[in-house]
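Okay, structure first, notes after.
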Amino acid sequence: MSAENADPFIRMSDLTKVYKLDAGLFAAAGRWVWALNGVSIDIRRGENYGLVGESGSGKTTLARTLVQLFPQTSGRIEYFTAGDRWEITRSDPRLLRRFRSDVKYVFQDPSSSLDPRMDVLRILTTGSRYHDRSPDSGRLVSRARELMEAVGLRAEDLGRRPSEFSGGQRQRISLARALISSPSALICDEVVSALDVSIQGQILNLLIDLKRKFHLTMVFIAHDLTVVSYMADRIGVLYGGSLMEEASTSALVESPLHPYTQLLYSAIPRLGGKLPERGSTSGVPYNPTRPPSGCPFAGRCPLEQEICRTVKPELREFRPGHRVACHFVN
Amino acid sequence: MADTTILDVRGLTVDFSSGDTTLQAVRGVGFMLRTGECLGIVGESGSGKSVSALAALGLLGKDARVGGSIRLKGADVRGLAPRQLRAFRGTVASMIFQEPSRSFDPISSIGKTFQETLRVKDPGLSGAECQDRAVRLLSEVHIPRAEERLRGFPHQFSGGMLQRIMIALALANDPELLIADEPTTALDVTIQAEIIGLLNELRTRRRLSLVFISHNLSLVGQIADRILVMYAGLALEAGPTSVVLSQPRSPYTRALLNALPAWGSHYSREKLRTISGSVPDPTHHEPGCPFVPRCPLVMERCRMGIPPMVRDEREQQILAAPAEEAFGNGAYRCIQSGVKT
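If you read the sequences in order, they're chains A and B.
Residues in the first sequence are numbered consecutively from 69, following my numbering.
Residues in the second sequence are numbered consecutively from 714, following my numbering.
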């Protein structure tokens, strides 16, 4: 597949995001959350890029910064399209609009991301009214009907409201909404984790069908390493707002190198698998309210040494395409 | 037999009514748990797994109509007066839930919550005695610096930490049975592994009996001795963990096992064998096997009536069946699967 060729689509360079901890009138001065600490990732055109990490690892912040739901604190996002390279900033609203109709974000919880008062047709088409310069309503409706079928729903259901659908069906509606502007990429943020086991598989299969049908690039975010490794061509492992390891899925599945990836791997409940030994999963987790220093995983790492607490390890390439941020992996 | 039965549930039914609609949440489920054993109850949302557990401890509200027999340590739970039932809870059996952060009173310190719980059994306990007991309980669940933690409030703890505190609280009055309802679902995988490890440890150390409820079959496989698979308020399969996971007899169990990617599988090589459709509407149960609309083996006979739970002939050696529905032996509810697989 196109995963092997390195045609870039989105390049994130040294992205950081620092949030103010308390917002509002009574905000305590000077309390911050370091959510992203210099993440560089290339998303290649046509690939499925998987992002995995525990809660608080920064995966959602990264995805939302990528589509500029909020601006990054520092770093750069470049967008490659039609032979050109653009830097995405909020100061260029026209470019931003074009980028956002080409790269669509799909939310985790379909019941809270669909407006309950709108019928499905309005849900699907509202966004396009802002993106297209001359929205042709007839064309939009036929596109909406076509997409309903593509996601496995019936075109007749366009008049119904979200509450009349099950969770899995609502996630299908979210996908149809994302696809209405004919994007090149979908950013899928934990899109199956709120669904029943039997429904999760249906949505994963649907995503693959849609990817093939519409030639989509996908960023697939989940906390479940098994699901990510099924869905992704390449995987980035995030912890404490930093990229700990990045490799092709087969390399990561066969030989995870970073101690954190190995920990995630050992914690997967597997049929007939053994539990990790007690203590191996504990330790002091990354504290995002302290200015980062050293390796974010140091407090939980079995290989931890003095240097890990003071010097942040660089991402180094161990094998072609397999990058690891650790002082002691060899 | 040296083994004693701590929980014996037979023919359990639970209905909820509102207006003219009746929701049949549980439609005749039986299971049995021996002291020190772990029973895993697996099912998707709406399968009736949580409601069965709540019914077992008499925790359902007035709007629930419960039928069947529930014996907890020999006592008939349905016949107990509210006060007797309260005395049972915490001391004989206790329960932990999915979201630990919602199970705590946000304005009580952890220490105060322990005090309240400990005084249910021993109203005369002094503050210092409560503190001592709480510290011991917290160290049993591996919470460091316990004295200091007792002064903390729920919002100051992570989800994994709170779930461990919840477990310590549930154990405060030395129950013999713990029911854990999706205790790790809201937690990260690494924390989940930690909690499962802790529960396993407590089982051995305290000879605690455990009912572990989850939608995740492989997770249940890591802790349960026996598994009960529920669907639409019915048990569809039951048996020893290794048998249910490696040679499932019910098409539903098989479908559940196949529905999610296996480690090492990849979309470019294989499509997931998913279960089409969705779980049935609990207010409108069709006659017949509830899995009919989604089942690959379906035949006309399957629609005629709910198939009975039949014993798995491979389990002959361990058969000592007290009742057809009583859980403890390999059994499944399918008229197709038994013929040939």
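The C-beta atom is built at its ideal place from N, Cα and C for all residues, glycine as well.
Own chain residues within Cβ distance below 7 Å of residue i, not counting five before or after
i, result
"A/A57", "Chain A is shown from 69 up to 398; residue 57 of chain A falls before or after that span and cannot be answered."
"B/E757", "H928 and V992"
"B/N913", "I936"
"A/G351", "G367 and R368"
"A/A223", "R213, M216 and E217"
Limits of the beta strand (DSSP E) - the one that residue i falls within
i, result
"A/P356", "Element bounds for A/P356: n/a, residue is neither H nor E."
"B/P974", "Here B/P974 belongs to no beta strand (DSSP E), and DSSP marks it neither H nor E."
"B/D721", "T718 to S731"
"B/A806", "A806 to I809"
"B/M943", "R939 to Y944"
"B/F695", "This structure cannot speak to residue 695 of chain B, because chain B is shown only from 714 to 1054."
"A/V171", "V171 to V174"
"A/S310", "S310 to S316"
"A/A253", "A253 to D257"
Nearest-angstrom Cβ-Cβ length linking residue i and residue j, presumed shorter than 8 Å
i, j, result
"B/G724", "B/G781", "4 Å"
"B/H998", "A/D264", "Not quite, the Cβ-Cβ distance comes to about 18 Å (not below 8 Å), so this is no contact."
"A/P324", "A/C369", "No, A/P324 and A/C369 are not in contact; Cβ-Cβ is about 14 Å, not under 8 Å."
"A/V287", "A/I248", "Contact doesn't hold; Cβ gap of about 19 Å is too wide."
"A/L399", "B/V902", "In this structure chain A extends from 69 to 398, so residue 399 of chain A is not present and cannot be described."
"B/V755", "B/V933", "5 Å"
"B/I966", "B/V942", "Here residue 966 of chain B turns out to be Thr, not Ile, going by the sequence shown. Going by Cβ atoms, the distance from B/T966 to B/V942 rounds to 5 Å, so yes, they are a contact pair."
"A/T329", "A/V305", "5 Å"
"A/G309", "A/G126", "4 Å"
"B/V848", "B/L911", "About 17 Å; that fails the 8 Å criterion."
"B/I783", "B/A769", "6 Å"
"B/A738", "B/P1021", "Not confirmed; about 21 Å, so no contact."
"A/I289", "A/T128", "7 Å"
Proximity to residue i [Cα-Cα], best of the options
i, options, result
"B/P896", "B/D818, B/G872 and B/A885", "B/G872"
"A/E322", "B/G977, B/R962, B/L969 and B/A806", "B/G977"
"B/R1007", "B/A968, B/G1043, B/R982 and B/P1021", "B/A968"
"B/A948", "B/G934, B/S822, B/A1044 and B/S991", "B/A1044"
"B/Q1049", "B/A975, B/S963, B/R986 and B/M1017", "B/S963"
"B/T697", "B/L921, B/T734, B/T748 and B/A951", "With chain B covering 714 to 1054 only, the question about residue 697 of chain B has no answer from this structure."
"B/R1024", "B/A800, B/L923, B/P961 and B/R982", "B/P961"
"A/P353", "B/L793, B/T966 and B/F870", "B/F870"
"A/D187", "A/A212, A/N355 and A/T157", "A/A212"
"A/A103", "A/V174, A/A319, A/A290 and A/P359", "A/P359"
"B/R877", "B/L890, B/L900, B/E889 and B/E861", "B/L900"
"A/V107", "A/E155, A/M80 and A/V219", "A/M80"
"A/T149", "A/L163, A/F386 and A/Y87", "A/L163"
"A/V259", "A/V209, A/R228 and A/A131", "A/A131"
C-beta contact flag for residue i and residue j at 8 Å
i, j, result
"B/T826", "B/L882", "yes"
"A/I276", "B/Y980", "yes"
"B/G1001", "B/I988", "no"
"B/P993", "B/A945", "yes"
"B/L875", "B/F817", "yes"
"A/L371", "A/L311", "no"
"B/A885", "B/L850", "yes"
"A/D301", "A/T317", "yes"
"A/P76", "A/R112", "yes"
"A/G269", "B/L746", "no"
"A/E313", "A/R391", "yes"
"A/T84", "A/Q140", "yes"
"A/H283", "A/G114", "yes"
"B/T917", "B/D938", "no"
"B/R1046", "B/E950", "yes"
Limits of the alpha helix (DSSP H) - the one that residue i falls within
i, result
"B/C843", "G840 to E853"
"A/R207", "S205 to A218"
"B/T826", "I823 to K834"
"B/G873", "G872 to A883"
"B/P1003", "Where B/P1003 is concerned, there is no enclosing alpha helix (DSSP H), given that its DSSP letter is neither H nor E."
"B/R862", "A859 to L863"
"A/Y333", "P327 to S334"
8 Å CB neighbourhood of residue i in its chain, flanking five on each side removed
i, result
"B/S730", "L736, D776 and R778"
"B/P819", "F866, P867 and H868"
"A/R238", "P178, S179, L182 and P230"
Residue i CB to nearest heavy atom of the ligand GTP below 7 Å
i, result
"B/V755", "Here there are no bound small molecules, and the ligand GTP is not part of this structure."
Cβ shell of residue i (< 6 Å), same chain only, five flanking positions each side left out
i, result
"A/N398", "none"
"A/M69", "Below a pLDDT of 50, predicted positions are generally treated as unreliable, and A/M69, at 40, falls in that range; no measurement from the model is reported."
"B/Q1030", "Bear in mind that a pLDDT of 39 at B/Q1030, under 50, signals an unreliable position, so the model cannot answer this."
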